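Chemist: Which chain is which? The protein sequence lines are A and B, in order.
Heads up, the first sequence is in the numbering used here, so the first residue is 1 and it goes up one at a time.
Heads up, the second sequence is in the numbering used here, so the first residue is 1001 and it goes up one at a time.
Okay, handing you the structure first.
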Amino acid sequence: MITLGHYVVLSAILFGIGIFGILTRRNAIGILMSLELMFNAVNINMVSFSKFFTPEGVYGELFAIFIIAVAAAESVLGLAIILAIYRKKQTVNADEMNIMKY
Amino acid sequence: MALVIFYLLSFLTVVAAILMVTSRNIFHSALYLAAVLFGVAGIFVLLNSYFLAGIQVLIYIGAVIVLTIFVINLTHKITGADVPQFNKQIVPAFVVSLLSTVLIILAVLKTDWFHRMQGGNVAIVDNTALIGKQFLTDFIIPFEVISVLLLAALIGAIVLVAKDRGDEK
């Protein structure tokens, strides 16, 4: 019998790994990928809470689908910004991007 | 039986995620991310939400990972294996992420979920039809807003990446 705690603990572990990736990566593409990992952790949470608390509704899954759509849009825009910066500055490292710094 | 499958999937997912954030080659990192997404799709199947598992494979692995690999290849000279991939705050970052994970896990283990739960894990039903109905009745406004958002993201990405016309003339 898989309980709700199993899913939430798995989601917390994935979320922590995502935080670690975001904080340590220099490459901006790596940061975006760690962000996708955190989105997935949240999605597991959404669906499992929905399954265990409102078994007859699908609200968590609807929210997860919206999260996936927004994450896809965010990923596309982030990668476009990274490509534009790469064209201008020849770098994708987040610690070398300081063109908006005064 | 389901518990064994759950542990196998979680093991695959967590190991792939750890390899993803620690891999030096960003391309390997993208492939490990694909493995993580497959594992999460399996978790969705265990949660009886087959539609979401299908969407996960189609959109994340089929579109987002491919797009990421495209961008990695377009910027490949910078992301070679000899360039340092991690910044200097790796130890504090490890402490922060570990502490937040432990905090969440402790909070989860201390909470009494059972007397708040309305029902256990329900019988296997295909809720794809219900999702479709909900999207076109109760959630019609967010559904339309998300389509406008996707259109805006599409146009924005083209505007950001397309070369200025003035440069070419």
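Think of the CB as a built atom: it goes at the ideal place given N, C-alpha and C, for glycine as much as any other residue.
Note that the structure is predicted; figures quoted are calculated from it, not measured.
1. Between B:F1027, B:F1070 and B:L1009, which has its C-alpha nearest L1046 (chain B)'s C-alpha?
2. Classify N27 (chain A) as buried or exposed, calling it buried when 16 or more other Cβ atoms lie within 10 Å of its own Cβ.
3. Should Q1085 (chain B) be labelled buried (16 or more other beta-carbon atoms within 10 Å of its own) or exposed?
4. I need the straight-line Cα distance from G30 (chain A) to G57 (chain A), nearest angstrom please.
5. Which word fits K51 (chain A), buried or exposed, when buried means at least 16 other C-beta atoms lie within 10 angstroms of its C-beta?
6. Can you tell me the Cα-Cα spacing of F49 (chain A) and S34 (chain A), whole angstroms?
7. Does the separation of the CB atoms of E61 (chain A) and M46 (chain A) fall below 9 Å?
8. So, helix, strand or coil for N27 (chain A), using DSSP?
9. From the DSSP output, read off the bridge partner residues of N1073 (chain B).
10. Where does L1067 (chain B) fall in DSSP's three states?
11. With distances taken Cα to Cα, identify the nearest neighbour of I1104 (chain B) among A:D95, A:A72 and A:L14.
12. Are there three or more Cβ pairs, one per stretch, closer than 8 Å when the segment 67-84 of chain A is compared with the segment 1060-1069 of chain B?
13. Please confirm whether N98 (chain A) has its beta-carbon closer than 9 Å to some beta-carbon of chain B.
14. Going by DSSP, which residues form a beta bridge with F1086 (chain B)?
15. Using the beta-carbon of each residue, which ones in chain D are nearer than 7 Å to I81 (chain A)?
16. In whole angstroms, what separates the C-alpha of I1026 (chain B) from that of F1070 (chain B)?
17. Between which two residues does the alpha helix (DSSP H) holding I1140 (chain B) run?
18. Work out the CA separation of V1021 (chain B) and A84 (chain A) for me, nearest whole Å.
19. By Cβ distance below 7 Å, which residues in the same chain neighbour A1041 (chain B) in space, the five residues on each side in sequence not counted?
20. Any C-beta of chain B within less than 8 Å: which residues of the segment 32-52 of chain A qualify?
21. Helix, strand or coil for N40 (chain A), going by three-state DSSP, please let me know.
22. So, is N40 (chain A) buried or exposed, given that buried needs 16 or more other C-beta atoms within 10 angstroms?
23. Any residues in the segment 2-25 of chain A with a beta carbon nearer than 9 Å to a beta carbon of chain B? Which ones, in chain order?
24. DSSP on N93 (chain A), reduced to helix/strand/coil?
Modeler: On the basis of the supplied data:
1. The residue labelled residue 1046 (chain B) in the question sits at position 46 within the second sequence. Taking only the C-alpha atoms, the option nearest L1046 (chain B) is B:L1009.
2. For this step, residue 27 (chain A) is matched to residue 27 along the first sequence. Flag for N27 (chain A) reads buried.
3. Reading the second sequence from its first residue, position 85 is the one you call residue 1085 (chain B). So Q1085 (chain B) ends up on the buried side.
4. The residue given as residue 30 (chain A) occupies position 30 in the first sequence. The residue given as residue 57 (chain A) occupies position 57 in the first sequence. Near 36 Å, if we compare the C-alpha coordinates of G57 (chain A) and G30 (chain A).
5. Here residue 51 (chain A) refers to the residue found at position 51 when the first sequence is read from its first residue. K51 (chain A) should be labelled buried.
6. Along the first sequence, read from residue 1 onward, the residue named residue 49 (chain A) stands at position 49. Along the first sequence, read from residue 1 onward, the residue named residue 34 (chain A) stands at position 34. One C-alpha to the other measures close to 23 Å.
7. Stepping through the first sequence from its first residue, residue 61 (chain A) is reached at position 61. Stepping through the first sequence from its first residue, residue 46 (chain A) is reached at position 46. The answer is yes: Cβ separation under 9 Å.
8. In the first sequence, counting from the first residue as 1, residue 27 (chain A) sits at position 27. Looking at N27 (chain A) - three-state DSSP - the assignment turns out to be strand.
9. One-based indexing of the second sequence puts residue 1073 (chain B) at position 73. Partner(s): none; N1073 (chain B) has no beta bridge.
10. Locating residue 1067 (chain B) in the second sequence gives position 67, where the first residue counts as 1. In the structure shown, L1067 (chain B) sits in a helix (DSSP, three-state: H, G or I).
11. Walking along the second sequence from the start, residue 1104 (chain B) turns up at place 104. The shortest C-alpha separation from I1104 (chain B) is found at A:L14.
12. yes
13. Numbered from its first residue, the first sequence carries residue 98 (chain A) at position 98. It does not; no Cβ of chain B falls within 9 Å.
14. Position 86 of the second sequence holds residue 1086 (chain B). Partner(s): A:R25.
15. Protein chains A and B are contained in the structure displayed, whereas chain D is not.
16. Translated into the one-based positions of the second sequence, residue 1026 (chain B) becomes position 26. Translated into the one-based positions of the second sequence, residue 1070 (chain B) becomes position 70. Cα to Cα, the separation comes out at about 12 Å.
17. Working through the second sequence from its first residue, we reach residue 1140 (chain B) at position 140. Start and end: I1140 to V1161.
18. To locate residue 84 (chain A), count along the first sequence from 1; it is residue 84. To locate residue 1021 (chain B), count along the second sequence from 1; it is residue 21. Going from the Cα of A84 (chain A) to the Cα of V1021 (chain B) covers about 24 Å.
19. As a working mapping, residue 1041 (chain B) is identified with position 41 in the second sequence. Same-chain partners within the cutoff: A1053, Q1056 and V1057.
20. L32, M33, S34, E36, L37, N40, N43, I44, V47, S48, K51 and F52
21. If you number the first sequence from 1, residue 40 (chain A) lands on position 40. Helix, per DSSP.
22. As a position in the first sequence, residue 40 (chain A) is number 40, starting the count at 1. The residue is buried, with at least 16 neighbouring Cβ atoms inside 10 Å.
23. I2, T3, L4, G5, H6, Y7, V8, V9, L10, S11, A12, I13, L14, F15, G16, I17, G18, I19, F20, G21, I22, L23, T24 and R25
24. Translated into positions along the first sequence, residue 93 (chain A) becomes position 93. If DSSP states are grouped into helix, strand and coil, N93 (chain A) belongs with the strands.
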